Amino acid sequence: MWGGRFAAGPASIMRGINASIPFDKRLWKQDIAGSKAHVAMLAKQGIIEGEDAQAITEGLNRIAAEYEADGVPVDLDLEDIHMVTESRLAQLIGPSAGRLHTARSRNDQVATDFRLWVRDAIDEVQAGLIGLQRALLARADENADAVMPGFTHLQSAQPVTLGHHLMAYYEMVRRDRSRFADARARADECPLGAAALAGTGFPIDRHATAAALGFAKPTDNSLDSVSDRDFALDYLMAATQASLHLSRLAEEFIIWASQPFGFVKLPDAYSTGSSIMPQKRNPDAAELVRGHAGRIMGCMTALCVTMKGLPLAYSKDMQDDKPPVFEAHDLLALSIAAMTGMIETVTFRTDRMRGLAESGFATATDLADWLVREGGIPFREAHHITGRAVAAAEAAGVPLDQLPIATLKEIDARIDDRIYAVLTVDASVASRMSHGGTAPAQVRARIAQAQEELG
Ligand code: ARG
Numbered sequence: 002m003w004g005g006r007f008a009a010g011p012a013s014i015m016r017g018i019n020a021s022i023p024f025d026k027r028l029w030k031q032d033i034a035g036s037k038a039h040v041a042m043l044a045k046q047g048i049i050e051g052e053d054a055q056a057i058t059e060g061l062n063r064i065a066a067e068y069e070a071d072g073v074p075v076d077l078d079l080e081d082i083h084m085v086t087e088s089r090l091a092q093l094i095g096p097s098a099g100r101l102h103t104a105r106s107r108n109d110q111v112a113t114d115f116r117l118w119v120r121d122a123i124d125e126v127q128a129g130l131i132g133l134q135r136a137l138l139a140r141a142d143e144n145a146d147a148v149m150p151g152f153t154h155l156q157s158a159q160p161v162t163l164g165h166h167l168m169a170y171y172e173m174v175r176r177d178r179s180r181f182a183d184a185r186a187r188a189d190e191c192p193l194g195a196a197a198l199a200g201t202g203f204p205i206d207r208h209a210t211a212a213a214l215g216f217a218k219p220t221d222n223s224l225d226s227v228s229d230r231d232f233a234l235d236y237l238m239a240a241t242q243a244s245l246h247l248s249r250l251a252e253e254f255i256i257w258a259s260q261p262f263g264f265v266k267l268p269d270a271y272s273t274g275s276s277i278m279p280q281k282r283n284p285d286a287a288e289l290v291r292g293h294a295g296r297i298m299g300c301m302t303a304l305c306v307t308m309k310g311l312p313l314a315y316s317k318d319m320q321d322d323k324p325p326v327f328e329a330h331d332l333l334a335l336s337i338a339a340m341t342g343m344i345e346t347v348t349f350r351t352d353r354m355r356g357l358a359e360s361g362f363a364t365a366t367d368l369a370d371w372l373v374r375e376g377g378i379p380f381r382e383a384h385h386i387t388g389r390a391v392a393a394a395e396a397a398g399v400p401l402d403q404l405p406i407a408t409l410k411e412i413d414a415r416i417d418d419r420i421y422a423v424l425t426v427d428a429s430v431a432s433r434m435s436h437g438g439t440a441p442a443q444v445r446a447r448i449a450q451a452q453e454e455l456g
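Counting in the numbering used here, the sequence shown runs from 2 upward without gaps.
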């Protein structure tokens, strides 16, 4: 393609390091779409003849059909998807194929293709995240009253409901979707027509190509257009955050599935057995989601480091932008699908959750709050009295609500019979009616609202 000036062909090592076709073939649909928009604009502006434009467009359609049927041929000599397609076009329609590259460079071409690809990737992720939200909502609704121990420091803290716990992940996914939506909005500018770096002397219409490719507008600085990979980084950062959330959820499932917890039975479809320990049911899918988060974060770091030292405008380092984005996307799509499947099919052992919530003095705060409310006692003092009640219950080996009233009165005479009504786990969660609290009524209200949000 630069044969005019170079006498010798590249060394085979150069061919190997230079070629991006093994991975950028994934951009073929976007590359064809970008070329079709460009050629239509060139003809409309009178930069090339209508006949040439028609031949080029028909050729591109045929190439698309070939790629669809047989895949993209990987020819390292042709370097990348742009050259593979252009050379096939020349085979099909002859010298007029050469007019396609008028007023454009691979620099603006690849920036455009990659943006289009990332935009599609975001749409795919969004659809997956909506599916995950629906799964979380359905299981939360089913378990809005199911009491479980709530933890801080992974120590039993206060009773909560399983529905509330699942809805916490709904909120995380809601923020993930908003981050991807932001990323998409910022990516919505078309670099095509920035050419190599300085723009072009041909009378192109960048607004027309931007509109044809579904972008809101053309980019406003040609140097920035060919060197900007913020859209890829925005994608990777949103993907990293989403994968962190998926990893935390996966971690909970791993803990919950372990025998000492026994909060869930993971479905066969997402577990594996052991070749030597027949009793085992390993949470492999959840562990891999947790593991994939590390790799996705690595992809984000890789592109940050690639970009951090680059002067304007295009440098070949930027060819390395695509593998981490492709890898992160594949890992994220799989992780979303796996967690959605697990949420949909996991068995929650709510009897076991309730039992543990009742055994861990989890309603101690409710006793302290009652002393504040009914006895007018300052919270710090109430906390102290409650500590003595917990110690007495611990010594007697009973839950708080089974301490005899005589024992409680010995600890503080202001305690009376009414205390038993607040010491049950159901009373405890029902009382947490503050906005965003764990009371089943609050959780159901949020679920109803979320159902509306999702439409
Ligand atoms: N394969 C290249 C990439 O992915 C395309 C752009 C090449 N531009 C250049 N000036 N060599 O970045």
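Glycine included, C-beta positions come from ideal geometry on N, C-alpha and C.
Quick caveat: nothing in here was measured; it's all calculated off a predicted structure.
Nearest neighbour of residue i, chosen from the options [CA to CA]
| i | options | result |
| --- | --- | --- |
| P400 | A451, E52, L368 and D221 | L368 |
| A329 | H436, V119, S435 and T153 | V119 |
| I22 | I14, V75 and A251 | V75 |
| A270 | E359, M343, A145 and M434 | M343 |
| V306 | D321, S248, A212 and G292 | D321 |
| H246 | T341, K218, E143 and E375 | T341 |
| P312 | L224, I277 and L117 | L224 |
| E411 | I386, G200 and I448 | I386 |
| N222 | E59, C191 and I82 | C191 |
| D352 | G377, F264, D285 and D124 | F264 |
| E172 | V148, Q134, T162 and G388 | Q134 |
| A358 | E288, V148, L43 and Q450 | V148 |
| V174 | D142, G10, L137 and A199 | L137 |
| T366 | A383, R350 and M354 | A383 |
| A169 | T346, A56, G215 and D142 | D142 |
| A104 | A139, G5 and T210 | T210 |
| T162 | Q156, L155 and G151 | G151 |
| G202 | Q46, S244 and D53 | Q46 |
| L77 | S13, I205 and A38 | S13 |
| Q403 | A449, R374 and G361 | G361 |
| A186 | F216, H165 and D206 | F216 |
| A55 | A98, E67 and R389 | Strictly speaking, residue 55 in this sequence is Gln, with Ala absent from that position. Selected option, being the one with the closest Cα: A98. |
| P204 | L43, S244 and S275 | L43 |
Integer-rounded CB distance, given that residue j should sit under 8 Å from residue i
| i | j | result |
| --- | --- | --- |
| D177 | L237 | 13 Å between Cβ atoms; not a contact. |
| A197 | N62 | The pair is not a contact, with the Cβ atoms about 27 Å apart (cut-off 8 Å). |
| A233 | L304 | 6 Å |
| A363 | Q159 | 6 Å |
| G60 | L93 | 5 Å |
| T220 | A195 | 7 Å |
Three-state class that DSSP yields for residue i in the structure shown
| i | result |
| --- | --- |
| P324 | helix |
| E50 | coil |
| Q156 | strand |
| P96 | helix |
| K45 | helix |
| E190 | strand |
| M149 | strand |
| T103 | coil |
| N144 | coil |
| N108 | helix |
| V265 | strand |
| T162 | strand |
| F349 | strand |
| T273 | strand |
| K30 | helix |
| K37 | helix |
| Q134 | helix |
| I205 | coil |
| M319 | helix |
| I55 | According to the sequence as given, residue 55 is Gln; it is not Ile. The answer is helix: DSSP assigns Q55 an H, G or I state. |
| Q452 | helix |
Delimiting residues of the alpha helix (DSSP H) encompassing residue i
| i | result |
| --- | --- |
| A196 | Element bounds for A196: n/a, residue is neither H nor E. |
| I22 | I22 to D25 |
| K309 | D285 to K309 |
| A314 | Careful: A314 lies outside any alpha helix (DSSP H) and carries neither H nor E. |
| F254 | D231 to A258 |
| A9 | It is not in any alpha helix (DSSP H) - A9 carries neither H nor E in the DSSP assignment. |
| L224 | S223 to S228 |
| A217 | That residue, A217, is in no alpha helix (DSSP H); it is neither H nor E in DSSP. |
- Task: Can you check the stretch 360 to 447 for any alpha helix (DSSP H) of at least 4 residues that lies completely inside it and give the ranges in chain order?
- Result: 365 to 376, 380 to 397, 406 to 412 and 426 to 432
- If you scan the stretch 67 to 96 from start to end, which runs of the beta strand (DSSP E) of 3 or more residues do you find wholly inside it? none
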